[in-house]
Every structure is written in structure tokens, then in C-alpha cells.
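Encoded as C-alpha cells, the structure appears first; notes follow it.
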Amino acid sequence: MRALAGRQEPCINQSGVGISQGDSIFTPLISEMEGKSVLLEGKVAVVTGSGQGLGRGIALRLASEGAAVAVLDIDGEYAKATAEDIRKRGGKSFPLTMDVSKVAEIQPALDRVVKELGALDVWVNNVGVLQTKAMLELSEEDWDQVVGTNAKGTFFCLQAAARWMEKQGEGVIINITSGQRARPMATHYASSKMAVDSMTKCAALAMAPYNVRVNAIDPGLVLDTPMLRKMDDDRARTLGLKPGEATQKWIESIPLGRMGTLDEIAALVVLFGLQGRSIYYRADYCRDGRV
Ligand SMILES: NC(=O)c1ccc[n+]([C@@H]2O[C@H](COP(=O)([O-])OP(=O)(O)OC[C@H]3O[C@@H](n4cnc5c(N)ncnc54)[C@H](O)[C@@H]3O)[C@@H](O)[C@H]2O)c1
Numbered sequence: 109m110r111a112l113a114g115r116q117e118p119c120i121n122q123s124g125v126g127i128s129q130g131d132s133i134f135t136p137l138i139s140e141m142e143g144k145s146v147l148l149e150g151k152v153a154v155v156t157g158s159g160q161g162l163g164r165g166i167a168l169r170l171a172s173e174g175a176a177v178a179v180l181d182i183d184g185e186y187a188k189a190t191a192e193d194i195r196k197r198g199g200k201s202f203p204l205t206m207d208v209s210k211v212a213e214i215q216p217a218l219d220r221v222v223k224e225l226g227a228l229d230v231w232v233n234n235v236g237v238l239q240t241k242a243m244l245e246l247s248e249e250d251w252d253q254v255v256g257t258n259a260k261g262t263f264f265c266l267q268a269a270a271r272w273m274e275k276q277g278e279g280v281i282i283n284i285t286s287g288q289r290a291r292p293m294a295t296h297y298a299s300s301k302m303a304v305d306s307m308t309k310c311a312a313l314a315m316a317p318y319n320v321r322v323n324a325i326d327p328g329l330v331l332d333t334p335m336l337r338k339m340d341d342d343r344a345r346t347l348g349l350k351p352g353e354a355t356q357k358w359i360e361s362i363p364l365g366r367m368g369t370l371d372e373i374a375a376l377v378v379l380f381g382l383q384g385r386s387i388y389y390r391a392d393y394c395r396d397g398r399v
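In this note's numbering, the protein residues as written are 109 to 399.
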């Protein structure tokens, strides 16, 4: 295991803004980005739900920035395919089949990451499941499936990663959330994501003394993931819309008039993942500009 890193002492610049040791907030990032393309060399990252969709985009981008990436997914075939793609591009990766809603599977998965890759610097809680169903029709089973995966799964992954990072003396945890909007056709999903927002803020405060930063990203609408396609199909079926119509309506509500790309979200994950170069913690970024 890598030697445990010491805590970084915060310092204050002349304008009174808290910054990482000896650096201004922006210049190191800008000069590093201009000077080299590999920002996470030597780091180890975990991305849950990275067999497909946004998680896959995040895993590929973290790997292209030099991180070794563990690809965790409930679907072992998709996990293998993402890890294989990373290796084909010259990166380091391995797949792990696990279900984040089963708490007993989380610690063994983390132990395996540390055994295979030697450390754990960035943990991205990306898994989320969405079901479109009217509030009056939700069953206990629907609630348990969605809230058990999105809220419980995210929390126990976060807790396991935070325990490990506390010992390491540093680390970054990033939760993928989903906007604080009321959703009458997905009350359980919206509730679970509000729980993710809240646990991000609580964990950020709990872990800041240990130099472990916890952030959330709300991707807005992301181009062409299996979840987005399913959401469009479900809306078409339940609301009598044409295929693509629900998505088009959402796009019209975005000030920039378009969905985000996988890489736009992944770039923000990289920014948050830069340990020792950032004071970002408990931030909650919405990528689609909606308010
Ligand atoms: N796609 C969007 O427009 C959008 C918008 C807002 C928020 N989000 C959030 O972004 C995240 C990713 O969304 P996506 O669109 O890529 O989803 P997706 O459904 O396309 O992909 C999710 C991945 O997670 C895996 N997975 C599902 N349940 C799992 C479990 N219990 N354990 C481990 N792996 C599991 C799936 O196999 C799949 O590979 C989710 O948290 C979602 O809520 C997405």
C-alpha cells in the first residue's frame, strides 16, 4: 500500500480566499492543462456503474488523464468491455461485477481495488436507476429498488471510500446527483437524489478535517445514455408522446438549447479529482444551466 500522505495545511491568500498550500486557485490548473494532457498520472479511481452511459464516459476520461481505473458495474459484460477499451488505449483498468445496493459487496470490492491498483484516490458514485411511474402507483418494491440503489448504495459506497481515504490522509469522492426538481412521475428517484445532495453536504463537512473532499455533480441532461433513452421511451408510452418528443421538450427548457456531452461531465469529474490542487468541497454543480 502507498505510504500514507500527510494532511495539507490550508493557507489564505491576500484576498482572504482559502487556497491549497502555496498555490493560487486557478493558475496551477491552467498551467498544468496547457503544459500536459495527463492530469491524474499515478492516481487510482473507481467509477461505479461505468459499464455504460455516463459512468463509462467518466472512466474513459479519467484513464485518458493517466488514472488507473476500476470499472464497477452490476453488468459484468459491460464492465469488462469498458475496462478492455481503456487497456486498448494504453490505460490501466480492471472490471469488477458488483451491486452497489448490496452493502455486503462494497467493502470486498474496495479491498480488491486496493489490492489490484495499490491505492484509492478518487471514488465516483455514478450508479443511478430511474423508473417513470405515477406517484399514486408506486409500490414498496419500486421505492426500495430506486431508493435502495441511489441513496443507500451511494451512501455505503461513500462511507467505505471515506473510511479508507481517512487512513490514507487524502482523497476525493464525487457523487452524481440529478437536480433538485420535483418529478411527479419519479417521486422515488427525485427523493433519492435529494438524499444524495444532502449526504454530499454532510459528508463534505464530516471529511474536510481529514483532507477528503466530497462533491456532487448534477449532469443535467446527458446525450444518449441508456437511462435517457429509457426515460424517453417510458414518457412516450405513459404520456402518449412520440419517440424523442419528451427529450425535445427537456432540451427546450435548457438555456443553452442542447444536452451535455459525456465528456463535458467527465471534464468536471477530472477537475474535482485533482487532489492537492483544489479547494472544491460540498460543491453541487448543475451542468445544464437550468435554475
Ligand atoms: N443521463 C442523464 O441525462 C442523467 C441526467 C441526470 C443525472 N443522471 C445521473 O447520472 C448517473 C448515470 O446515468 P446514466 O444515464 O449513465 O445511467 P445508465 O442507466 O445509462 O447507466 C447506469 C450504469 O449503472 C449500472 N448499474 C445500475 N444499477 C447498478 C447497481 N445496483 N450496481 C452497480 N451498477 C449498476 C448499469 O448497469 C449501467 O452500466 C445516474 O446516477 C443518473 O441518475 C443522468
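Glycine included, C-beta positions come from ideal geometry on N, C-alpha and C.
Everything numeric in this text was worked out from a predicted model, so none of it was measured.
According to the neighbour-count rule (16 or more other Cβ atoms, all chains shown, within 10 Å of its Cβ), is residue i buried or exposed?
i	result
I213	Per the sequence shown, the amino acid found at residue 213 is Glu instead of Ile. By the neighbour-count rule (16 or more Cβ atoms within 10 Å), E213 is buried.
Q356	exposed
P351	exposed
E360	exposed
D326	buried
Q288	exposed
E249	exposed
V146	exposed
D229	buried
G163	buried
What are the partner residues of residue i, as DSSP defines its beta bridges?
i	result
I182	According to DSSP, I182 bridges with nothing at all.
S201	V177
G368	V330
R321	V280
Locate the alpha helix (DSSP H) running through residue i, then write down its first and last residues.
i	result
L400	This structure does not reach residue 400, given that the chain is present from 109 up to 399, and the question cannot be answered.
I166	161-172
E248	248-255
L244	L244 -> no alpha helix (DSSP H), and no H or E assigned at all.
V304	295-315
I362	Careful: I362 lies outside any alpha helix (DSSP H) and carries neither H nor E.
Tell me which residue opens and which closes the beta strand (DSSP E) that residue i is part of.
i	result
T156	152-156
V230	230-233
Would the C-beta of residue i count as close to ligand 2, meaning under 8 angstroms from any of its heavy atoms?
i	result
Q160	Ligand 2 is not part of the structure shown, which contains ligand 1 as its ligands.
Please check the pair residue i and residue j, which I expect to be a contact at CB under 8 angstroms, by giving their CB distance rounded to whole angstroms.
i	j	result
R321	V254	The pair is not a contact, with the Cβ atoms about 27 angstroms apart (cut-off 8 angstroms).
D341	G165	No, D341 and G165 are not in contact; Cβ-Cβ is about 21 angstroms, not under 8 angstroms.
G381	I282	7 angstroms
At least one CB of chain D closer than 9 angstroms to the CB of residue i: is that the case?
i	result
M302	Reference to chain D is not applicable here, since this structure consists of a single protein chain.
Which parts of the stretch 259-283 are runs of the alpha helix (DSSP H), unbroken and 4 residues or longer, counting only runs that do not cross its ends?
262-276
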